[in-house]
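Chains as they are written, first to last, in our numbering: chain A, -5 to 553; chain B, 781 to 1063.
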């Protein structure tokens, strides 16, 4: 019996590939397995090759492996494209109408659909039934997910899908292939199967998000779906702006009026938001930006992952102003860092980035439900209460303070009047171009760089303290690395907080390292350059991948 | 509380506009209108664009947002959603609102937020010393069009009408009583109200003077249906109409948000009401 199995389901776009993978992952998570799923697809709606990879294991894991154990081919192309990935003893589930596959498991998907009065798009349901049988699980494991998935469509649709899945299950059972049987899972509590965008969304609403203006763009679209679907029940407004520029200005307007607000986009959309970022820096508006990276430049490869925008978000915006850059490595961190991001934005009245990528946003992660249920502390920083405003109208929105952060009133509050001014200004917000006034206000804003130091999260070390090799990395490259160092004398220094850069902590950690290797999904080693800039440590060895695909653990040692 | 008058908005700073600029008339009319509506310095948010008009915030004491060139309308809509009880008024320029921010203008009109936009329409970019604005009429010679404008001008009124604005009017900076009355009506209108304000640029435009306008302007009796309003909006030349061209009642973008039914967003609870239900979707 196997402790871990990787399945790949492939077919033409529009054939429900993503939902098949989601249902499979969810089914096994419900009965105590650890799961993960990630999709690969071209930037098309119909046609083109779609594939979802699902790993199911009895114990927790942090990455996919390259080898596929079960390949479910909903068309012939899937076999041709993925046969190289098959591990020893792998099973190919295929439809005999696509021809014969030596040693494969022939399941007459089309024939079963025909005899059960189903539609072509339901072939994936037959295949799901077959997969569950091959993995040695009870049919009920799948049935419970089918019932929930189609509940809204009524009993008839539920039963029809159950019948069709059952037929696939029985067909595979008949063929009696036991080699892919999973060892039993152990249920230790409720697990959620949630993608990175959704986890980030749950974090945002738990932090009190009230307004989001997001122009559609891969890979953050499921955050839009999450917010739009729940706007009513969560008492928030999601607005689809005419462009990303409008989006960031709307979010800034809402923030100045007093609500927690955010935008989300990818590199190209963020390029349009750069002037807005500078505005937020100047008027000191709290703002959270989810920047979902994908392979660039320009339109690049819209549906493929990359970590190419670290330098971009750090230096974006005309003029000098403070900002914070956080980079979650999985959906668990996406949730927690998003809550943190909203508090930091209010505490320092600065823009805060959550730097994500396609792989994080669109992959399905398995996380304990408890993680999302913890108490959330909300810190609105120096937001004043109506009753605290001096009645003599002496309130100064941009008052000089030690930490550079000033009290903030909201439009409509009596005696709190001020000018949120994109021009250089004095303590009340009036335009000010005198040399001394300019320097004083610029220094106030820049003082935030120092103030933020006390909140900087140190890099996190994974693996043994003293090891022969130290990998430095950020974002989602952490997971594959963690699998890669198992059983080796290697550790990982991972940076969930990237800016202002944790220089001192990095010197402390890397100063002791015997051999340092930088691992990033970009072509230039942006983290390595940042480390050199802030610590003087030059990392010469780099493992860089920028083909749009995430790392596999075995690639780390091959290079 | 002392009653609100034009004096309530004093900042201690004096205008830096050129003597005779149409902005003075607009500024005066706006103060009269706000006072008439009982909107004091702490009661509204004025969102300005960048241009000569935008410098008004410095001598106009209210909560104000002086943002980026062209981006006043998105800021205004975000603020309005956050606190829909707060009057939100955009003070924009023609280059600002119809050039750099043209797309925002169209989309604001189509959403119908309860926001007022006052467009300073003088056909030139004054702050950058006299280039043609999107409303500049053919033949008009400016620093960027030495042989005269050749493009078609943007017509803010027809654009607003066809994009879905629910209050469309035109005023004149040289008629302070008439303009302040139009501003009152625009702010009082529930929905997206557009007021195009014709104003001479005394420094960079020697053609469209106060006298030029006065000899052509006439006042409309009352608003009409949309087709008639478009016809009126297209009148230009010997006769130029002033007044409310079009007005309709329609749900605003705030009316259509369920989250705003009970309270403003800024006053609403930050807690997730039913967390277990929300999380159950991912099981």
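For every residue, glycine included, the Cβ atom is placed at its ideal position computed from N, Cα and C.
Rounded separation between residue 578 of chain A and residue 503 of chain A - CA only: Examination of residue 578 of chain A is not possible in this model, given that chain A is present from -5 through 553 alone.
Cβ-based contacts, 7 Å cut-off: residues of the segment 1017 to 1039 of chain B near chain A: From the segment 1017 to 1039 of chain B, only 1037, 1038 and 1039 have a Cβ closer than 7 Å to chain A.
Residue burial classification, residue 813 of chain B (beta-carbon count within 10 angstroms, cutoff 16): Residue mapping note: residue 813 of chain B aligns to position 33 of the second chain, counting from 1. So residue 813 of chain B ends up on the buried side.
Where residue 1108 of chain B falls: helix, strand or coil (DSSP): Outside the shown range of chain B, which is 781 to 1063, sits residue 1108 of chain B, and nothing can be said about it.
Near-chain A residues of the segment 841 to 852 of chain B - C-beta to any C-beta below 7 Å: Among the residues of the segment 841 to 852 of chain B, those with a Cβ less than 7 Å away from any Cβ of chain A are 841, 842, 843, 844, 845, 846, 847, 848 and 851, in the order of the chain.
Exposure of residue 196 of chain A, with buried meaning 16 or more beta-carbon neighbours within 10 Å: In the first chain, counting from the first residue as 1, residue 196 of chain A sits at position 202. Buried.
Residues bridged to residue 111 of chain A (per DSSP): Counting from 1 along the first chain, the entry for residue 111 of chain A is found at position 117. None, per the DSSP bridge assignment.
Per-residue burial, residue 781 of chain B [other beta carbons within 10 Å of its own, 16 or more giving buried]: Here residue 781 of chain B corresponds to residue number 1 of the second chain, with the count starting at 1. Only weak support is given to the placement of residue 781 of chain B: the predicted model assigns it a pLDDT of 49, under 50, and the value that follows is read from those uncertain coordinates. Looking at its Cβ environment, which holds fewer than 16 other Cβ atoms inside 10 Å, residue 781 of chain B is exposed.
In chain order, each alpha helix (DSSP H) run of at least 4 residues that lies wholly inside the segment 202 to 230 of chain A: When DSSP assignments are scanned along the segment 202 to 230 of chain A, the uninterrupted stretches of alpha helix (DSSP H) that are 4 or more residues long and fall wholly within it turn out to be 215 to 224.
Integer Cβ distance of residue 122 of chain A from residue 18 of chain A, believed to fall under 8 Å: In the first chain, counting from the first residue as 1, residue 122 of chain A sits at position 128. In the first chain, counting from the first residue as 1, residue 18 of chain A sits at position 24. Correct: roughly 6 Å between the Cβ atoms.
Identity of the residue in B:1015, B:1027, B:961 and B:953 nearest residue 994 of chain B by Cα: Locating residue 994 of chain B in the second chain gives position 214, where the first residue counts as 1. Of the listed residues, the one whose Cα sits closest to residue 994 of chain B is B:953.
Rounded C-alpha distance that separates residue 378 of chain A from residue 401 of chain A: Taking the first residue of the first chain as 1, we reach residue 378 of chain A at position 384. Taking the first residue of the first chain as 1, we reach residue 401 of chain A at position 407. Taking the straight line joining both Cα atoms gives about 6 Å.
Residue 185 of chain A in three-state terms, based on DSSP: If you number the first chain from 1, residue 185 of chain A lands on position 191. Correct three-state label for residue 185 of chain A: strand.
Neighbourhood of residue 1063 of chain B by C-beta, 6 Å cutoff - its chain only, sequence neighbours within 5 removed: As a working mapping, residue 1063 of chain B is identified with position 283 in the second chain. Closer than 6 Å at the Cβ level, and outside the excluded window around residue 1063 of chain B, lies no residue.
Proximity test, Cβ basis, 9 Å: residue 911 of chain B and chain A: Numbered from 1 along the second chain, position 131 holds the residue referred to as residue 911 of chain B. It does not: the Cβ of residue 911 of chain B has no partner Cβ on chain A nearer than 9 Å.
Rounded C-alpha distance that separates residue 445 of chain A from residue 421 of chain A: Here the question's residue 445 of chain A lines up with position 451 in the first chain. Here the question's residue 421 of chain A lines up with position 427 in the first chain. Going by C-alpha positions, residue 445 of chain A is about 19 Å away from residue 421 of chain A.
Neighbourhood of residue 248 of chain A by C-beta, 7 Å cutoff - its chain only, sequence neighbours within 5 removed: In the first chain, counting from the first residue as 1, residue 248 of chain A sits at position 254. Cβ neighbours of residue 248 of chain A within its own chain (closer than 7 Å, five residues either side excluded): 205 and 255.
Candidates A:542, A:546, A:460 and A:23: closest to residue 507 of chain A by CA position: Residue mapping note: residue 507 of chain A aligns to position 513 of the first chain, counting from 1. Among A:542, A:546, A:460 and A:23, the Cα nearest to that of residue 507 of chain A is on A:460.
Per-residue burial, residue 91 of chain A [other beta carbons within 10 Å of its own, 16 or more giving buried]: If you number the first chain from 1, residue 91 of chain A lands on position 97. So residue 91 of chain A counts as exposed.
Member of B:1031, B:979, B:962 and B:984 whose CA lies at the smallest distance from the CA of residue 1000 of chain B: Here residue 1000 of chain B refers to the residue found at position 220 when the second chain is read from its first residue. Residue 1000 of chain B has its Cα closest to that of B:962, out of B:1031, B:979, B:962 and B:984.
C-beta contact flag for residue 543 of chain A and residue 298 of chain A at 9 Å: Numbered from its first residue, the first chain carries residue 543 of chain A at position 549. Numbered from its first residue, the first chain carries residue 298 of chain A at position 304. A contact, by the Cβ cut-off of 9 Å.
Proximity below 9 Å, CB of residue 1034 of chain B to CB of residue 893 of chain B: One-based indexing of the second chain puts residue 1034 of chain B at position 254. One-based indexing of the second chain puts residue 893 of chain B at position 113. Yes, Cβ-Cβ distance for residue 1034 of chain B and residue 893 of chain B is below 9 Å.
Spatial neighbours of residue 1057 of chain B in its chain, beta-carbon cut-off 8 Å, leaving aside the 5 residues before and after: Here residue 1057 of chain B refers to the residue found at position 277 of the second chain. For residue 1057 of chain B, where only same-chain residues beyond five positions count, there are no Cβ hits under 8 Å.
Meets three-Cβ-pair contact criterion under 8 Å: the segment 884 to 898 of chain B and the segment 856 to 871 of chain B: Contact holds: three or more Cβ-Cβ distances are below 8 Å.
Which residues DSSP lists as bridging residue 160 of chain A, in chain order: Position 166 of the first chain, counted from the first residue, corresponds to residue 160 of chain A. BP columns for residue 160 of chain A are empty, so no partner.
Any C-beta of chain B under 9 Å from that of residue 239 of chain A: The sequence position of residue 239 of chain A within the first chain is 245, counting from 1. The beta carbon of residue 239 of chain A sits closer than 9 Å to some beta carbon of chain B.
The segment 17 to 37 of chain A: positions lying closer than 9 Å to chain B by Cβ: If the cut-off is 9 Å between Cβ atoms, the segment 17 to 37 of chain A has 20, 23 and 24 near chain B.
Between the CA atoms of residue 233 of chain A and residue 938 of chain B - distance to the nearest angstrom: To locate residue 938 of chain B, count along the second chain from 1; it is residue 158. To locate residue 233 of chain A, count along the first chain from 1; it is residue 239. If I take the Cα positions, the gap works out to 26 Å.
For residue 238 of chain A and residue 329 of chain A, the rounded distance between their alpha carbons: The residue given as residue 329 of chain A occupies position 335 in the first chain. The residue given as residue 238 of chain A occupies position 244 in the first chain. Going from the Cα of residue 329 of chain A to the Cα of residue 238 of chain A covers about 24 Å.
Burial state of residue 83 of chain A, where buried means 16 or more other Cβ atoms lie within 10 Å: In the first chain, residue 83 of chain A corresponds to position 89, counting from 1. By the 16-neighbour rule on beta-carbons within 10 angstroms, residue 83 of chain A is exposed.
Residue range of the alpha helix (DSSP H) that includes residue 529 of chain A: The count along the first chain starts at 1 and reaches residue 529 of chain A at position 535. From DSSP, the alpha helix (DSSP H) with residue 529 of chain A extends over 520 to 529.
8 Å contact criterion, which residue 525 of chain A and residue 466 of chain A should meet: CB distance rounded: Against the first chain, residue 525 of chain A aligns to sequence position 531. Against the first chain, residue 466 of chain A aligns to sequence position 472. Yes, they are in contact, since the Cβ atoms of residue 525 of chain A and residue 466 of chain A sit about 7 Å apart, within 8 Å.
Buried/exposed call for residue 797 of chain B, threshold 16 Cβ in 10 Å: Along the second chain, one-based indexing puts residue 797 of chain B at 17. Counting C-beta atoms within 10 angstroms of its own C-beta, residue 797 of chain B has 16 or more neighbours from the protein chains shown and is therefore classed as buried.
Which of helix, strand or coil DSSP assigns to residue 885 of chain B: Walking along the second chain from the start, residue 885 of chain B turns up at place 105. Correct three-state label for residue 885 of chain B: helix.
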